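Student: Before I ask anything, here is the structure I am working with.
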Amino acid sequence: MNFGFGQAHAKAHLLGEHSVVYGYPAIIAPLLSLSTKAEVIDSDKTLIETDNFSGTMFQLNYRFSGIYSLLTELLNFFEEPDLTFKLHIKSNIPSKKGLGSSAAYAVAIVKAFCDYFDYDYSDEEVFKIAQISENKNHGRSSGGDTYAVMAEGPIFFDTNKDATILKLDTKAYIVVADSGTAGLTSQAVQLVADNYEKDPETFGNYFKQMGAIAEKGREEIIADDLKDFGRLMTENQNLLAKLGVSTPYLERLIKIALNNGALGAKLTGGGLGGSIVALTDTEAKAAEIKKALNKAGAPESWISKI
Ligand code: MEV
């Protein structure tokens with residue numbers, strides 16, 4: 001019996017979401033405690049099972065057309081378009097929370113099929129195929145999420161769509177908290193595109209400022225200058241609000257994180273709901289911030305060392 005396994009983890013944008021879609025850099029950290037695992041096994045009938053779906057390829061196309069396109073492309077890539085299989089996917093990454101769940105799904109599936117076919121893949125190959133479903137899901141995708149859910153450390157995703165793992169020696173911790181409201185990345189990306197079309201000068205200028213913040217942020221985090229990095233995160237949040245993707249729920253949690261000693265805080269991912277990320281320099285402070293966010297109504301939160 002043939003078997004393949006693949007997995008990927010969640011991510012949190014520390015700087016640069018949205019402007020990254022317009023070619024500016026972003027810094028994205030992995031959230032290793034949240035992951036998606038995919039298993040593919042031989043079967044005489046194709047069946048795809050996830051936490052909230054069970055059905056055939058035909059049915060999948062109706063519910064999750066991005067994953068359907070991805071599987072079709074994968075089977076063609078391996079020159080096995082008629083392969084029948086059972087694909088089982090399990091994930092504890094909450095979806096629509098800005099944490100990269102769709103990219104993690106795609107990467108876990110691609111890696112599972114590479115393993116199934118005993119194919120020695122490169123990250124670039126996985127990236128190219130996984131981006132098929134990301135582009136379909138988000139309308140327009142920078143690719144940053146796809147690299148971040150594969151990387152074991154924080155990445156600097158640059159303007160050439162290359163990801164460099166930042167070699168850090170830092171005491172930084174992040175607290176990521178779900179605001180309890182869903183954020184659809186495709187809607188947020190579309191909203192920003194509409195705003196940009198209406199006023200290219202102002203919005204183009206916001207993107208440029210966010211790009212400069214991410215460039216500066218790389219220097220600060222490498223130097224372990226967490227106060228300045230935190231300040232940049234909060235500055236980035238002000239620009240995200242100007243783009244139109246922040247919400248009162250997110251703003252409230254950001255304020256609570258800052259009032260409880262966070263060095264910086266912002267929404268993370270597409271926005272319009274979803275999650276926030278706050279920075280601190282000790283595990284004890286991270287625990288305090290997490291407690292305050294939970295008390296304020298965040299249904300779930302996670303601490304991660306970066
Ligand atoms: C979504 O996690 C991040 C965005 O910048 C979209 C993208 O990079 O494709 C909003």
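Residue numbers for the sequence shown follow full-length UniProt numbering, so the first one is 1 and each next one is one higher.
The beta-carbon is built from N, C-alpha and C at its ideal position, and this holds for glycine as well.
The model shown is predicted, which means the values in this text are computed figures rather than measured ones.
#1: CA-CA distance, Asp120 and Cys114?
#2: Taking the DSSP output, what are the residues bridged to Tyr206?
#3: What runs of the alpha helix (DSSP H), each 4 residues or longer, lie entirely inside the region 28-91?
#4: Kindly indicate which residue of Leu14, Phe5 and Ile28 has the alpha-carbon position closest to the one of Ile41.
#5: Between the region 251-264 and the region 16-31, do three or more beta carbon pairs fall short of 8 angstroms?
#6: So for Gly211, helix, strand or coil by DSSP?
#7: In three-state DSSP terms, what is Tyr119?
#8: Is the number of C-beta pairs between the region 178-191 and the region 208-215 that are closer than 8 angstroms three or more?
#9: CB of His88 to nearest heavy atom of the ligand MEV: below 7 angstroms?
#10: Can a CB atom of chain C be found closer than 8 angstroms to the CB of Thr181?
#11: Confirm the yes/no value for this check: CB of residue 353, any heavy atom of the ligand MEV, distance under 7 angstroms.
#12: Report the rounded CA-to-CA distance for Ala241 versus Gly100, giving the unit in angstroms.
#13: Please confirm if the region 58-74 is in contact with the region 133-143, defined as three or more CB-CB distances below 8 angstroms between the two stretches.
#14: Which residues does DSSP list as the beta-bridge partners of Tyr173?
#15: Suppose the cutoff is 7 angstroms on Cβ atoms and the five residues either side in sequence are ignored; what does the same chain contact list for Thr159 look like?
#16: Could you tell me whether any non-hydrogen atom of the ligand MEV is closer than 7 angstroms to the CB of Asp162?
#17: Quick test of your reading: Leu232 and Glu251, contact by CB under 8 angstroms. State the CB separation rounded to the nearest angstrom.
#18: Give me the residue from Arg63, Leu239, Leu279 and Leu75 with the minimum Cα distance to His18.
#19: Who are the near neighbours of Gln7 in its chain, counting only those whose CB is closer than 6 angstroms to its CB and skipping five residues on each side?
#20: Quick one: grab the DSSP three-state call for Lys167.
Tutor: Result, derived from the coordinates:
#1: Approximately 7 angstroms, taken between the alpha carbons.
#2: Paired residue(s): none; Tyr206 is not in a bridge.
#3: Listed in chain order, the complete alpha helix (DSSP H) runs (minimum 4 residues) inside the region 28-91 are 57-63 and 65-77.
#4: Of Leu14, Phe5 and Ile28, the residue nearest in Cα terms is Phe5.
#5: Touching, no, given that fewer than three Cβ pairs across the two stretches are closer than 8 angstroms.
#6: Helix, per DSSP.
#7: Correct three-state label for Tyr119: coil.
#8: Judged by pairs of C-beta atoms under 8 angstroms, the region 178-191 does not touch the region 208-215, as fewer than three such pairs exist.
#9: For the ligand MEV, not one heavy atom lies less than 7 angstroms from the Cβ of His88.
#10: The displayed structure is made up of one protein chain only, and chain C is not part of it.
#11: The requested residue 353 does not occur in the structure, where the chain is confined to residues 1 to 306.
#12: Cα to Cα, Ala241 sits roughly 21 angstroms from Gly100.
#13: The region 58-74 vs the region 133-143: in contact.
#14: Paired residue(s): Thr280 and Lys305.
#15: Gly23, Tyr24 and Pro25.
#16: Relative to the ligand MEV, the beta carbon of Asp162 is positioned no closer than 7 angstroms to any heavy atom.
#17: Not quite, the Cβ-Cβ distance comes to about 18 angstroms (not below 8 angstroms), so this is no contact.
#18: Checking every option, the nearest Cα to that of His18 belongs to Leu239.
#19: The beta carbon of Gln7 lies closer than 6 angstroms to those of Ser35, Lys37 and Ala108 in the same chain, with the five residues before and after it left out.
#20: Lys167 sits in coil when the DSSP states are folded into three classes, being neither helix nor strand.
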